[in-house]
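Encoded as structure tokens, the structure appears first; notes follow it.
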Amino acid sequence: MIMNNCRNCGNEIHPFMSFGKMPIANAFLTQKQFSDEYKFELQVQFCEKCGLVQLLDQPTPEKMFHENYAFFSSTSNRMITHFKKFSEIVKDKYLIGKDPFIVEIGSNDGIMLKNFAEDKIRHLGVEPSLNVAEVARSNGINTICKFFDENLAKEIVNEYGKADSFLSANVMCHIPFIHSIAEGINILLKFDGVLIFEDPYLGDIIEKTAYDQIYDEHVFYFSATSVSSIFKIHGLELIDVDHQNTHGGSMRYTLSHKGSYVPNMKVRELLDKEKSLKLHLPDVYNEFRFRVEKSRDELFSLLSKIKSEGKRVVGYAATSKSTTVTNFCNITPDLVEFISDTTPIKQGKFSPGTHIPVLSHDVFAKHYPDYALLFGWNHAEEIMEKEKEFSASGGKWIIYVPSVQIM
Ligand code: SAH
Ligand code: TMP
Ligand code: ZN
């Protein structure tokens, strides 16, 4: 839905950057589907009143999240470890009462909740994408296949009672009806319960020129400033913040009902830091746009030069983020031969918009290219460790965050 007003405060806002027509980032398709591929105008805007960075238009949730959703959380071993640690913090710090109850939205294939299910802790996953929800269910994770909102929160309270912890990772920034979510959490959380969620952090996106975080699913690009502003309206206060290295730089926000916890000093410090970085002023976003356009031109020139030398380039990891990069930089199959990806549902299909074939990792390993374009830069450490042989055989990596480079 197109929104010319801030989804948080209603203030009138204007786009600072346009990426042109974009497909759904996770809609990998077959050749037959090329002719009626859905596209929308990807534009980002910034609210000077509350600091919330957001899309102008976003496709409807049902267009993005359904029974053929292509993102399976457990494809990354590092993320499995990350969520195990996340769950341990919740268990140690916040699940001290008797028979606690945890709700997670966007629980996907159960990557987080399995850590609670294994300990027989009462839990509920809310996951609208049926195929990933079924994977969780088959692993014994209690999951309902619905979109979370205020009404569902009431139904959950009626059936299960109130929650001790409400968790989400890489989900809150996907949901346009944010006030219904925040009110739902207000209703669902016990007085001393906590909301803990993490999402890609605006400060990192700006600092690293990580423009590929901008795609259909990510309707919001949060900061501590905007998160505070949204949840305050629903009586929820930001009490802790904790920076994470996942997804290229994320922030974990902890909130509680006002008065139930004392906010940590780190909250004030981060709010002050965001002011000093001028994340509340338009100049930052105009400079960002300039750097993004420069990065696009440099990447296209580099790939064109490599092609003119007769060398092979293969994309590594068909991430959601790669859809923004390939479409915005005009990277077509004549520049990138195929994209290697470990997710079965993506293999044998084509990348959204640019129609680059997606093939299994075996194809990559059988005949190494001269260059691998690292679309999964947020998993760089894990990938580099796996691909020592590619590097040892003379293969080179191309990266574009924070700047276009050959490694
Ligand atoms: N938490 C996982 C998955 C993130 S992908 C991880 O970090 O890896 C985002 C997930 O949110 C998808 O599985 C999608 O189906 C789900 N989702 C989208 N809108 C939602 C809503 N309103 N309520 C609950 N889940 C939602
Ligand atoms: P994400 O960055 O949106 O989490 O997407 C991860 C994608 O990267 C997913 O499609 C799986 C793929 N991938 C690989 O192909 N190889 C890998 O080693 C890793 C970690 C991910
Ligand atoms: Zn606003």
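Residue numbers (the working numbering): 1 to 407.
Backbone N, C-alpha and C define an ideal beta-carbon position, used for all residues, glycine too.
Since we're looking at a predicted model, the values are computed, not measured.
Worksheet item: Is it the case that the Cβ atoms of Pro23 and Thr323 are separated by a distance below 8 angstroms?
Response: A contact, by the Cβ cut-off of 8 angstroms.
Worksheet item: Which residues bound the beta strand (DSSP E) around Ser180?
Response: Element bounds for Ser180: not the beta strand (DSSP E) but the alpha helix (DSSP H), Ile178 to Leu188.
Practice prompt. May I ask you to list the residues that DSSP assigns as paired with Lys366?
Written response: Answer by DSSP bridge pairing: none, since Lys366 is not bridged.
Fill in: Exercise answer, beta-carbon shell around the ligand ZN heavy atoms below 6 angstroms
Cys6, Asn8, Cys9, Asn11, Cys47, Lys49, Cys50 and Leu52
Fill in: Residue environment, Pro282, which counts as buried when at least 16 other CB atoms sit within 10 Å
exposed
Practice prompt. Along the beta strand (DSSP E) that carries Thr225, what are the first and last residues, could you check?
Written response: No beta strand (DSSP E) contains Thr225, which is instead part of the alpha helix (DSSP H) from Ala224 to Lys232.
Discussion item. When you measure from the CB of Glu155 to every non-hydrogen atom of the ligand SAM, does any distance come out below 7 angstroms?
Written reply: The ligand SAM is not part of the structure shown, which contains the ligand SAH, the ligand TMP and the ligand ZN as its ligands.
Fill in: Counterpart residues of Thr254 in DSSP-defined beta bridges
Ile196 and Asp240
Practice prompt. Look at Phe375 and Ile339 and say whether their C-beta atoms are less than 8 angstroms apart.
Written response: yes
Worksheet item: Of all the options Ile214, Asn264 and Asn142, which has the alpha carbon lying nearest to the alpha carbon of Leu238?
Response: Asn264
Practice prompt. Round the Cβ separation of Ser168 and Tyr201 to the nearest angstrom and send it over; I've been treating them as touching at under 8 angstroms.
Written response: No, Ser168 and Tyr201 are not in contact; Cβ-Cβ is about 15 angstroms, not under 8 angstroms.
Worksheet item: Can you give the beta carbon distance from Val292 to Met17, rounded, assuming they're within the 8 angstroms contact cut?
Response: Rounded, the Cβ-Cβ distance is 7 angstroms, consistent with contact.
Worksheet item: Closest to His280 by CA distance: which of Glu41, Gln45, Lys84 and Phe34 is it?
Response: Gln45
Practice prompt. Taking only heavy atoms of the ligand SAH into account, decide whether any of them is closer than 7 angstroms to the Cβ of Ile105.
Written response: Ile105 has its Cβ nearer than 7 angstroms to a heavy atom of the ligand SAH.
Item to complete: Measure the alpha-carbon distance for Phe197 versus Ser74 and round it to whole angstroms.
Response: Spanning the two alpha carbons is a distance of roughly 18 angstroms.
Item to complete: Can you check DSSP and say which residues form a bridge with Phe350?
Response: Leu29 and Pro357
Worksheet item: Can you give the Cα-Cα distance for Gln43 and Pro15, rounded to whole angstroms?
Response: 6 angstroms
Worksheet item: Which residues mark the beginning and the end of the beta strand (DSSP E) in which Tyr316 is found?
Response: Val313 to Tyr316
Discussion item. On the DSSP letters alone, give me the boundaries of the beta strand (DSSP E) that Phe338 sits inside.
Written reply: Neither: Phe338 is in no beta strand (DSSP E) and is coded neither H nor E.
Fill in: Buried or exposed by the 16-neighbour rule on C-beta atoms within 10 Å, applied to Asp192
exposed
Practice prompt. Tell me, please, which residues DSSP counts as bridged to Thr143.
Written response: Gly125
Worksheet item: Looking at C-alpha atoms only, which residue of Ser304, Val325, Leu236 and Lys84 is the closest neighbour of Leu111?
Response: This sequence places Ile at residue 111; Leu is not what is there. Considering only alpha carbons, the answer is Lys84.
Worksheet item: Do the CB positions of Val348 and Thr326 come within less than 8 angstroms of each other?
Response: Per the sequence shown, the amino acid found at residue 348 is Gly instead of Val. Against a cut-off of 8 angstroms, the Cβ pair of Thr326 and Gly348 comes out as no contact.
Worksheet item: Buried or exposed: which applies to Thr254, given that a residue is buried once 16 or more other Cβ atoms fall within 10 Å of its Cβ?
Response: buried
Practice prompt. Kindly examine the ligand TMP and report whether one of its heavy atoms sits closer than 7 angstroms to the Cβ of Phe71.
Written response: Closer than 7 angstroms to some heavy atom of the ligand TMP: that describes the Cβ of Phe71.
Practice prompt. Could you check the C-alpha separation between Lys93 and Glu389 for me, to the nearest Å?
Written response: 42 angstroms
Worksheet entry | Given 8 angstroms, three or more beta-carbon pairs between the stretch 222-234 and the stretch 146-156 | no
Worksheet item: Got a sec? Which residues, its chain only, sit under 6 angstroms from Thr332 by beta carbon, not counting five neighbours each side?
Response: Thr354
Worksheet item: Does the beta carbon of Ile383 fall short of 7 angstroms from some heavy atom of the ligand TMP?
Response: yes
Worksheet item: What do you reckon, is the C-beta of Glu150 under 7 angstroms from a heavy atom of the ligand SAH?
Response: Because no heavy atom of the ligand SAH lies under 7 angstroms away, the Cβ of Glu150 does not count as near it: no.
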